[in-house]
Every structure is written in structure tokens, then in C-alpha cells.
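Written below as C-alpha cells is the structure these notes are about.
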Amino acid sequence: MNVMNISNVSDLSYTNSFQSNSAKISTQNTNKRSFESYILEAVDAVNEKQLDVSRVEQKLITDPDSVDIHDVATAMAKAQMSLNLAQTVIDRLLTGWSELQTTR
């Protein structure tokens, strides 16, 4: 009896009922990212927007003629919106996690 070792399987593909046999989807080379990497990327983006506001404000103070006041207001609004969105997402994640914990 010849038993194949599961670690030697290199081509993993599947088809569903809507696909023909020639149109297989290969899962071999998919780039999987973790939830942590998505969260860290989002936090970095929010932080970068906050730093952009600081840079524009400093430039406004040191060289007022080089910066339009509308650019400062726009940067501040973008940073505030991204921070509010991040806060909302974090609140909903925590609410969902606590609901999962209480259903167990």
C-alpha cells in the first residue's frame, strides 16, 4: 500500500460547481496577510496623517507665504476624519470581541 505524505503535496487547487475543469483556482501562491498586519497598516496611515498636519503647521509658522491656509485646514480635516474612523473601527472591534466572549 502506497501512502502519500501530506507535506509532499505541492499543487492545491479546487473547483466549484460553476467552474469548468479547465478553470481551476490555485491556492498555492496566495499572499495571505494577517489581521494584525491590516490593523498596523491602518494605524500607521492614521499616524502619518497626524504627522502631516504637524509638518504643515510648522511650515505655516516658519514660512507663512509658502503654505496656503486652506491646505492646513484640509490636512487637519483629513487627520480628524481618519482618527474618528479608526476610533469607530476599534470600538466596533472591541464590541464584537466582547459579544463573542459572552456567547461562549
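Counting in this note's numbering, the sequence shown runs from -18 upward without gaps. We treat Cβ as the ideally placed atom computed from N, Cα and C, and that holds for glycine. Note that the structure is predicted; figures quoted are calculated from it, not measured.
Query	Result
Look at the alpha carbon of residue 65 and the alpha carbon of residue 26, and state the distance between them as a whole number of angstroms.	13 Å
Quick one: Cα of residue 75 to Cα of residue 40, how far?	38 Å
Does DSSP put residue 65 in a helix, in a strand, or in coil?	helix
With a 10 Å radius around its C-beta and 16 neighbouring C-beta atoms as the bar for buried, classify residue 37 as buried or exposed.	buried
Short check: CB of residue 70 to CB of residue 53, under 9 Å?	no
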